[in-house]
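Down below is the structure, laid out as structure tokens.
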Amino acid sequence: MQQRTLRRIRRDRPVDYFYSLKNNCHVWVESTLELDFLYWLEFDERVSAYTTQPESADTPAGRYTPDVLVELQNGSSIYFDPHPYKYVHSKTFINKFTEKAQYIERLTGRPVRIVTEKDLNPITIGNFKTLYPYLRTEPSEVHKLLPLVNSFPTTFGDLRKQAESIGISPFVPFALLAHSHIGFDNTVKLSDSTQLRN
Numbered sequence: 404m405q406q407r408t409l410r411r412i413r414r415d416r417p418v419d420y421f422y423s424l425k426n427n428c429h430v431w432v433e434s435t436l437e438l439d440f441l442y443w444l445e446f447d448e449r450v451s452a453y454t455t456q457p458e459s460a461d462t463p464a465g466r467y468t469p470d471v472l473v474e475l476q477n478g479s480s481i482y483f484d485p486h487p488y489k490y491v492h493s494k495t496f497i498n499k500f501t502e503k504a505q506y507i508e509r510l511t512g513r514p515v516r517i518v519t520e521k522d523l524n525p526i527t528i529g530n531f532k533t534l535y536p537y538l539r540t541e542p543s544e545v546h547k548l549l550p551l552v553n554s555f556p557t558t559f560g561d562l563r564k565q566a567e568s569i570g571i572s573p574f575v576p577f578a579l580l581a582h583s584h585i586g587f588d589n590t591v592k593l594s595d596s597t598q599l600r601n
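Counting in this note's numbering, the sequence shown runs from 404 upward without gaps.
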């Protein structure tokens with residue numbers, strides 16, 4: 404497969420850039436579904452790195468560019484293609500995608516997987532978007548609040564109040580969650596009433 408070069412932007416396909424903290428660079432994004440998937444990857448501890456629009460190949464079913472190449476901590480890698488759920492069950496799509504995916508897997512040894520909005524909980528993605536900026540927080544700032552974790556406040560609101568009471572920046576409680584120092588049910592919208600867990 405050859406490395407892909409950026410092409411002229413198509414007006415019928417939204418194209419944007421997203422700054423990946425995991426990769427420490429901007430990556431190319433073609434849809435809101437793909438962007439949501441990237442937020443998921445940023446918080447998935449199994450993922451070491453990823454690349455969008457990584458490479459292209461001429462397959463018997465036509466030219467094909469996988470959307471995202473994901474590299475895992477265990478050394479393996481997988482291609483992912485985000486597609487709207489309503490399109491992935493048509494016979495035409497299945498036949499064409501299967502032929503391209505099988506060709507790519509034979510060529511690279513990497514499997515190709517489809518991801519749809521059904522695979523991405525919208526509330527979880529919303530929480531990831533809320534917490535994402537706090538991944539930038541300096542570890543030294545986060546560590547200032549870690550002693551409070553020993554007494555373990557029961558809700559996120561309690562944690563924020565404790566941080567405020569000892570003069571710690573209000574963004575640090577968010578950073579504790581973003582860096583997984585404290586857990587919570589990310590399938591429920593984050594709020595002051597969110598229950599925290601070790």
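Ideal Cβ placement from N, Cα and C applies to all residues, glycine included.
Since the model is a prediction, treat every value here as computed from it, not as a measurement.
Among the options, the one whose alpha carbon lies nearest that of residue i
i	options	result
Glu-437	Thr-519, Gly-570, Ser-596 and Leu-579	Thr-519
Ile-507	Thr-435, Lys-564 and Arg-466	Arg-466
Lys-521	Tyr-490, Tyr-453 and Arg-539	Tyr-490
Asn-477	Val-450, Arg-516 and Phe-446	Val-450
His-584	Pro-556, Lys-592, Ile-569 and Lys-564	Pro-556
His-429	Asp-447, Glu-448 and Ala-452	Ala-452
Val-473	Glu-445, Pro-463 and Thr-454	Thr-454
Arg-516	Phe-446, Arg-563, Val-471 and Asn-530	Val-471
Per-residue burial, residue i [other beta carbons within 10 Å of its own, 16 or more giving buried]
i	result
Thr-590	exposed
Ser-423	buried
Ser-594	exposed
Phe-496	exposed
Tyr-420	exposed
Asp-484	buried
Leu-549	exposed
Tyr-442	buried
Pro-576	buried
According to DSSP, residues forming a beta bridge with residue i
i	result
Leu-548	Paired residues: none, contrary to the question.
Phe-574	Paired residue(s): none; Phe-574 is not in a bridge.
Arg-600	Gly-586
Asp-419	Val-432
Gly-465	Thr-462
Thr-558	Gln-598
Other residues of its chain near residue i: CB distance less than 7 Å, five sequence neighbours each side excluded
i	result
Leu-580	Leu-534 and Phe-587
Thr-435	none
Arg-600	Gly-586 and Phe-587
Lys-499	Ala-464
Other residues of its chain near residue i: CB distance less than 8 Å, five sequence neighbours each side excluded
i	result
Arg-413	Because the pLDDT at Arg-413 is just 42, under 50, the model does not fix this residue reliably, and the point stays unresolved.
Glu-502	Thr-462, Pro-463 and Ala-464
Leu-538	Leu-424, Glu-445, Ala-578, Ala-581 and His-582
Open item on the list: Restricting to runs no shorter than 4 residues, where is the alpha helix (DSSP H) found entirely within the stretch 472-541?
Closed with: 494-511 and 525-534
Open item on the list: Threshold first: 4 residues or longer. Then list the alpha helix (DSSP H) segments lying entirely within the stretch 421-456, N to C.
Closed with: 435-446
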